[in-house]
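Undergrad:
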Amino acid sequence: MATVILVRHGRTTANATGVLAGRLPGVRLDDRGTEQAVATADRLAPVRLVAAVSSPLERCKQTTRAITRAQAGDLAITTERRLSECDYGEWQGRELKDLAKEPLWKVVQGQPSAAAFPGGESMRAMQDRAVEAVRRHDRLVEAEHGPGAVWLAVSHGDVIKAILADALGTHLDLFQRIQVDPASVSIVRYTESRPYVLGTNTSAGDLSWLSPPPAKKASRRRRTADAPVGGGAGPDTSPAGS
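Using the working numbering, read the sequence shown as starting at 123 and increasing by one per residue.
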């Protein structure tokens, strides 16, 4: 049962000006986005990440590099095209205030499973390829590093919302109810029974509890794929060795 930390890239110049960047080249973090990425890196520094996977777009790679630099050891970055931004086709590069006047806008808001962007891809196709990519990487991480391994995936707002909707068992038509802010952290643990959503859209707070406990300590509380009836005791956040 590996755990994936989903991080959205920090704020970009396009985010700040209300432009739908899509897959346009040259879209980078602005000063605020760089600060957000560093803050997220500091939050994740105590977590022992075993893998880092990034969308190929520069804003995600910038965010991923900030996070991996804060890790204790060298951590290579794998680029995954299936975690790239939705292909918004003719919509990319346009201002959101103008796109909101398009008939397709209401479909995107109310029935995204039926939305297909002119010259681009459908939101359903976006979800399918992103979910398949995350689940595949999760299986590979667990096979290589064992249960309890924690890894990083850095992607985009709509992509992470779609992944979270799948993990929550929520239809894509309801995914607009999920908020994913720049540089926010969401956490999913996949098991044979079901995914567990451990956190969504967090921008503050201690995450050191995500690191696997020492083997001796872990043996005292066996992790299973079953949901604890009544809610369980939560993560063990006591100091190491206590």
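Where is the CB? At the ideal position from N, CA and C, for every residue including glycine.
What three-state label does DSSP hand alanine 252 in the structure shown?
TA: Residue mapping note: residue 252 aligns to position 130 of the sequence shown, counting from 1. DSSP, reduced to helix, strand and coil, places alanine 252 within a helical segment of the structure shown.
Undergrad: Start and end of the beta strand (DSSP E) containing isoleucine 127?
TA: The residue you call residue 127 lines up with position 5 of the sequence shown. Per DSSP, isoleucine 127 is one residue of the beta strand (DSSP E) stretching across 125-130.
Undergrad: Mind checking glycine 327: buried by the 16 CB within 10 Å criterion, or exposed?
TA: To locate residue 327, count along the sequence shown from 1; it is residue 205. By the 10 Å Cβ count, glycine 327 comes out exposed.
Undergrad: Can you look up threonine 313 in the DSSP assignment and give me helix, strand or coil?
TA: Your numbering for residue 313 matches position 191 in the sequence shown. Looking at threonine 313 - three-state DSSP - the assignment turns out to be coil, as it is neither helix nor strand.
Undergrad: Runs of 4 residues minimum, wholly inside the region 207-282: which ones carry the alpha helix (DSSP H) assignment?
TA: For the region 207-282, the continuous alpha helix (DSSP H) assignments of 4+ residues that do not extend past its boundaries occur at 218-221, 225-232, 245-267, in sequence order.
Undergrad: Using a Cβ-Cβ cutoff of less than 7 Å, which residues in the same chain neighbour leucine 221 once the five nearest sequence positions on both sides are dropped?
TA: Taking the first residue of the sequence shown as position 1, residue 221 is located at position 99. Excluding residues within five positions, the ones whose Cβ falls inside 7 Å are Leu142, Trp213, Trp227.
Undergrad: Note down the Cα distance separating arginine 311 from valine 126, rounded to an integer number of angstroms.
TA: In the sequence shown, residue 311 corresponds to position 189, counting from 1. In the sequence shown, residue 126 corresponds to position 4, counting from 1. Whole-angstrom Cα-Cα distance: 6 Å.
Undergrad: Would you decide whether arginine 316 is buried or exposed? Buried here means 16 or more other CB atoms lie within 10 Å of its CB.
TA: The sequence position of residue 316 within the sequence shown is 194, counting from 1. When all chains shown are included, arginine 316 counts as exposed.
Undergrad: Let me confirm a value: lysine 219 is counted as buried when at least 16 other C-beta atoms fall within 10 Å, else exposed. Which label applies?
TA: On the sequence shown, residue 219 is found 97 positions in, with the first residue counted as 1. Under this definition lysine 219 is an exposed residue.
Undergrad: So, for aspartate 348: in the same chain, excluding its five sequence neighbours on each side, which residues have a beta-carbon less than 8 Å away from its beta-carbon?
TA: Looking up residue 348 in the sequence shown gives position 226. For aspartate 348, where only same-chain residues beyond five positions count, the Cβ hits under 8 Å are Ser315.
Undergrad: What residue from Gly140, Thr185, Glu243, Asp303 has the CA that sits closest to valine 276's CA?
TA: Here residue 276 is taken as the residue at index 154 of the sequence shown, counted from 1. Of the listed residues, the one whose Cα sits closest to valine 276 is Thr185.
Undergrad: Count the CB pairs spanning the region 143-150 and the region 161-170 that are closer than 8 Å, and state whether there are at least three.
TA: These segments do not touch.
Undergrad: Starting from threonine 201, follow its DSSP beta bridges and name the residues at the other end.
TA: Residue 201 sits at position 79 when you count from the first residue of the sequence shown. Answer by DSSP bridge pairing, in chain order: Ser176.
Undergrad: With a cut-off of 8 Å on the beta carbons, I'd call valine 302 and glycine 279 a contact; round off their distance for me.
TA: Residue mapping note: residue 302 aligns to position 180 of the sequence shown, counting from 1. Residue mapping note: residue 279 aligns to position 157 of the sequence shown, counting from 1. Right, their Cβ atoms sit about 5 Å apart.
Undergrad: Excluding sequence positions up to five away, which residues of its chain have a Cβ less than 6 Å from the Cβ of alanine 367?
TA: Residue 367 falls outside the range modelled here, since the chain spans only 123 to 364, and no answer is possible.
Undergrad: Please report how far the alpha carbon of serine 308 lies from the alpha carbon of alanine 287, in whole angstroms.
TA: Translated into the one-based positions of the sequence shown, residue 308 becomes position 186. Translated into the one-based positions of the sequence shown, residue 287 becomes position 165. In a straight line, the C-alpha of serine 308 is about 12 Å away from that of alanine 287.
Undergrad: Here's the rule I'm using: 16 or more other beta-carbon atoms within 10 Å means buried, otherwise exposed. How should glycine 232 be labelled?
TA: Numbered from 1 along the sequence shown, position 110 holds the residue referred to as residue 232. Exposed is the call here.
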